[in-house]
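To keep things clear, I will list the structure first and then write my remarks on it.
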Amino acid sequence: METKTGHILGQNVAAIRTRQNLSKSQFCLMASISRPYLDLVESGSSNITLEKLDSLAESLGVEPWELIHP
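Using my numbering, the first residue of the sequence shown is number -18, and each one after it goes up by one.
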């Protein structure tokens, strides 16, 4: 299910990942997620748990709120 928050999350994950010069493959290894899952997150098509939000934020070195803030 696509939501406004999901799209914001996806855009922020992609932007921060890119700013840190991390390829999708590199980030997937760091975050212990699959490439298809990252594609779903970055496209805004994934409903993630709070646990996964925390994990993605930690892998990117940011606070969870930074991933969902427009």
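Glycine included, C-beta positions come from ideal geometry on N, C-alpha and C.
| query | result |
| --- | --- |
| Quick check on the burial criterion: 16 or more other C-beta atoms within 10 angstroms. Buried or exposed for Glu23? | buried |
| Could you tell me whether the stretch 43 to 51 touches the stretch 7 to 21, where touching means 3 or more Cβ pairs closer than 8 Å? | no |
| As a quick exercise: from Pro51, His50, Leu41, pick the residue whose alpha carbon is nearest that of Ile(-3). | Leu41 |
| Excluding the 5 residues flanking Phe8 on each side, which residues of the same chain have their C-beta closer than 6 Å to its C-beta? | Arg(-2) |
| In the DSSP assignment, find the alpha helix (DSSP H) that holds Gln7 and state where it starts and stops. | 5 to 12 |
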